[in-house]
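Enquirer:
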Amino acid sequence: MAFDFSKLTVDLSAMPTTIDMGHAWLGGLLLVMLVLYIAKKGKPVEIEKVVEKEVEKIVEVEKPVEKIVEVEKVVEVEKIVEKIVEVEPKLKTTTPDSALQLLSLLQQEARFIDFMQEDLKGFADAEIGAAARVIHEGGQKVLNEYFRFAPVREEEEESRITLPKGFNASEVRLTGNVVGEAPFTGTLIHRGWKVTDVKLPKLAEGHDANIVAAAEVEL
Numbered sequence: 001m002a003f004d005f006s007k008l009t010v011d012l013s014a015m016p017t018t019i020d021m022g023h024a025w026l027g028g029l030l031l032v033m034l035v036l037y038i039a040k041k042g043k044p045v046e047i048e049k050v051v052e053k054e055v056e057k058i059v060e061v062e063k064p065v066e067k068i069v070e071v072e073k074v075v076e077v078e079k080i081v082e083k084i085v086e087v088e089p090k091l092k093t094t095t096p097d098s099a100l101q102l103l104s105l106l107q108q109e110a111r112f113i114d115f116m117q118e119d120l121k122g123f124a125d126a127e128i129g130a131a132a133r134v135i136h137e138g139g140q141k142v143l144n145e146y147f148r149f150a151p152v153r154e155e156e157e158e159s160r161i162t163l164p165k166g167f168n169a170s171e172v173r174l175t176g177n178v179v180g181e182a183p184f185t186g187t188l189i190h191r192g193w194k195v196t197d198v199k200l201p202k203l204a205e206g207h208d209a210n211i212v213a214a215a216e217v218e219l
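Have a look at this one:
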């Protein structure tokens with residue numbers, strides 16, 4: 001059965017014309033809830049914006065810091081490499097031709113290689129002494145002819161000398177109880193030798209320096 005709205009009447013005189021305490025309290029409660037709802041909806045958006053701004057600031061600060069750290073690491077590595085290069089000695093590459101030539105001269109004049117390759121167990125001391133004299137004479141001839149020598153230290157052996165700070169360690173070798181830093185005071189055991197001039201003969205083109213002594217065939 002359909003409802004007849006024409007029979008519905010509203011008595012406006014029955015509506016309250018004044019606000020009592022119940023209605024006032026209810027209206028205030030609705031107002032508070034509305035304020036809380038608006039606050040709840042608005043704050044996260046504002047907070048998110050603030051957080052995003054702060055994050056952007058942090059990222060902007062962190063990027064230069066990361067670059068600075070990377071640069072510092074590169075500089076530190078370069079310093080370490082420089083120290084390693086300074087510590088490691090630079091080795092020269094040399095050809096063996098001069099050494100082979102010297103061996104050839106010592107063999108030619110003093111039979112040096114023959115003597116060094118010989119097994120001396122079956123020889124008497126007198127025989128070894130006689131061979132050593134030949135080697136000494138021939139070796140001395142080679143040294144005097146092709147080299148010039150000078151002592152490293154001019155002081156007399158067995159004399160007391162003092163090595164100052166920064167002395168040339170390649171010229172003087174410390175032995176015994178080496179403790180602390182220079183200056184060092186000790187006894188000169190050996191004056192040392194240094195070569196002041198070398199005049200080895202020139203090698204002919206095509207000469208094989210590895211042949212320090214040619215084989216001999218008697219006909």
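In full-length UniProt numbering, the protein residues as written are 1 to 219.
Where is the CB? At the ideal position from N, CA and C, for every residue including glycine.
Just the C-alpha distance for Glu205 and Thr93, rounded to the nearest angstrom, thanks.
Expert: 22 Å
Enquirer: Among Thr185, Ala126, Gly166, Val179, which one has its Cα closest to the Cα of Glu158?
Expert: Thr185
Enquirer: State the Cα-Cα distance for the pair Val212 and Lys199, rounded to the nearest angstrom.
Expert: Rounded to whole angstroms, Val212 to Lys199 spans 18 Å at the Cα level.
Enquirer: Could you compute how far the alpha carbon of Glu109 sits from the alpha carbon of Glu218?
Expert: 20 Å
Enquirer: Enumerate in chain order the residues of its own chain whose CB-to-CB distance from Pro163 is below 7 Å, with the five nearest sequence positions on each side excluded.
Expert: Contrary to the premise, residue 163 reads as Leu rather than Pro in this sequence. Around Leu163: Val172, Ala182, Pro183, Phe184.
Enquirer: When you compare only the Cα positions, how much space is there between Val179 and Leu103?
Expert: 40 Å
Enquirer: Going by alpha carbons, who is nearest to Ala150 out of Gly139, Ala131, Phe167, Asp197?
Expert: Asp197
Enquirer: When we look at the beta-carbon of Phe112 and count the other beta-carbons within 10 Å, is it buried (16 or more) or exposed?
Expert: buried
Enquirer: With distances taken Cα to Cα, identify the nearest neighbour of Trp193 among Arg133, Ala131, Glu154, Thr175.
Expert: Glu154
Enquirer: Go ahead and pull the three-state DSSP assignment for Ala2.
Expert: For Ala2, the pLDDT reaches just 48, beneath the cut-off of 50, and the residue's location in the model is therefore unreliable, leaving the point undetermined.
Enquirer: Going by DSSP, which residues form a beta bridge with Lys194?
Expert: Ala150
Enquirer: In whole angstroms, what separates the C-alpha of Asp208 from that of Glu216?
Expert: A direct Cα-to-Cα measurement between Asp208 and Glu216 gives close to 17 Å.
Enquirer: Specify, as a first and last residue, the run of the beta strand (DSSP E) that Ile161 falls within.
Expert: Per DSSP, Ile161 belongs to the beta strand (DSSP E) from 160-163.
Enquirer: Can you give the Cα-Cα distance for Ile135 and Leu105, rounded to whole angstroms?
Expert: 12 Å
Enquirer: Cutting at 6 Å between CB atoms, please list the residues of its own chain near Ile128, excluding the five before and the five after it.
Expert: Leu120
Enquirer: If I'm right that Gln101 touches Leu203 with Cβ under 8 Å, what's the distance once you round it to whole angstroms?
Expert: 7 Å
Enquirer: Within 10 angstroms of the Cβ of Gln140, are there 16 or more other Cβ atoms? Answer buried if so, exposed if not.
Expert: exposed
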